[in-house]
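Taking it in order: structure first as structure tokens, then the write-up.
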Amino acid sequence: MRTKVLSIIFGLAVVSSIAGLHAHAQHDRSEQLTGHSVSICAIGVQKNQPWVAHAQRDRSERLIGHSVLIGAIDVQKNQPLVAQDKPPKPDVDPLKDDLKSVQGQWTRKVLDRKGKQIGTVIKVIRGKKERVTHLDADGKVQQAHAVEIDLRRSGAVRVFTYSKFEFIKGPDEGKKLKGRGGYIYKVEGNRFLEVHGLLISQEKEPTRVLVWEKVNEREA
Numbered sequence: 084m085r086t087k088v089l090s091i092i093f094g095l096a097v098v099s100s101i102a103g104l105h106a107h108a109q110h111d112r113s114e115q116l117t118g119h120s121v122s123i124c125a126i127g128v129q130k131n132q133p134w135v136a137h138a139q140r141d142r143s144e145r146l147i148g149h150s151v152l153i154g155a156i157d158v159q160k161n162q163p164l165v166a167q168d169k170p171p172k173p174d175v176d177p178l179k180d181d182l183k184s185v186q187g188q189w190t191r192k193v194l195d196r197k198g199k200q201i202g203t204v205i206k207v208i209r210g211k212k213e214r215v216t217h218l219d220a221d222g223k224v225q226q227a228h229a230v231e232i233d234l235r236r237s238g239a240v241r242v243f244t245y246s247k248f249e250f251i252k253g254p255d256e257g258k259k260l261k262g263r264g265g266y267i268y269k270v271e272g273n274r275f276l277e278v279h280g281l282l283i284s285q286e287k288e289p290t291r292v293l294v295w296e297k298v299n300e301r302e303a
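Pasting the structure below:
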């Protein structure tokens with residue numbers, strides 16, 4: 084009986100010792116983990132930021148710095164980062180410019196073979212209508228006609244065509260001519276050059292060059 088009691092007491096002592104050793108081991112491990120956490124927190128405290136937040140902030144700063152660098156390069160180029168479509172160019176009609184260049188009042192002198200002035204011719208163009216008036220040496224109207232004009236381009240040549248020819252003053256007043264006429268022309272500053280006899284339909288006509296001078300209509 085005594086031997087049995089001693090065996091029970093010995094068993095309880097062994098169990099107690101094992102439990103104490105196990106508790107001590109857990110305590111040491113907890114201290115190690117706590118120490119490691121304290122070290123990590125200490126590092127974060129020295130930088131005044133938690134360690135995880137500090138890592139995220141570093142990454143954000145790198146991303147922001149990269150964006151700022153790209154932005155700085157873009158500002159220097161003065162262009163947006165995303166390519167933009169160029170606005171479409173407006174339609175350009177060269178004939179509109181040609182028509183604009185012939186507008187206004189033009190005049191030329193009529194000379195005899197000796198170079199004496201015997202008359203004046205005045206050409207007035209408004210829009211697509213032209214009026215030509217012939218004056219004698221005294222400035223009296225001898226004849227005048229009106230036409231509708233149409234400007235064209237044939238290769239590198241400008242062509243001045245006219246139709247609906249009608250005499251509006253002179254002995255043939257009221258008379259109308261059918262068909263179309265035309266000539267090659269060129270505007271050089273205040274000069275209008277009119278060249279007849281060069282078109283295919285004018286092969287039998289003599290070549291004539293008429294030079295008109297632009298008139299300041301405020302002085303006319």
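In this note's numbering, the protein residues as written are 84 to 303. Note that CB positions come from ideal geometry on N, CA and C, so glycine has one too. Every value quoted in this text rests on a predicted model; they were computed, and no experiment measured them.
Query: At a cut of 8 Å, does the segment 285–292 reach the segment 232–251 through at least three beta carbon pairs?; Result: no
Query: Count the other CB atoms, across all protein chains shown, that sit within 10 Å of the CB of K223; report buried if there are 16 or more and exposed otherwise.; Result: exposed
Query: Closer than 6 Å by C-beta to A239: which residues in its own chain qualify, once you throw out the five before and the five after it? Chain order, please.; Result: none
Query: Identify the residues that DSSP records as bridge partners of D233: which are they?; Result: T244
Query: Can you check DSSP and say which residues form a bridge with G187?; Result: I208
Query: Looking at the secondary structure, which residues open and close the beta strand (DSSP E) in which V278 lies?; Result: 274–279
Query: So, using beta-carbon positions, are L182 and K211 closer together than 9 Å?; Result: yes
Query: Can you tell me whether DSSP reads K179 as helix, strand or coil?; Result: helix
Query: Span of the beta strand (DSSP E) holding R291?; Result: 291–297
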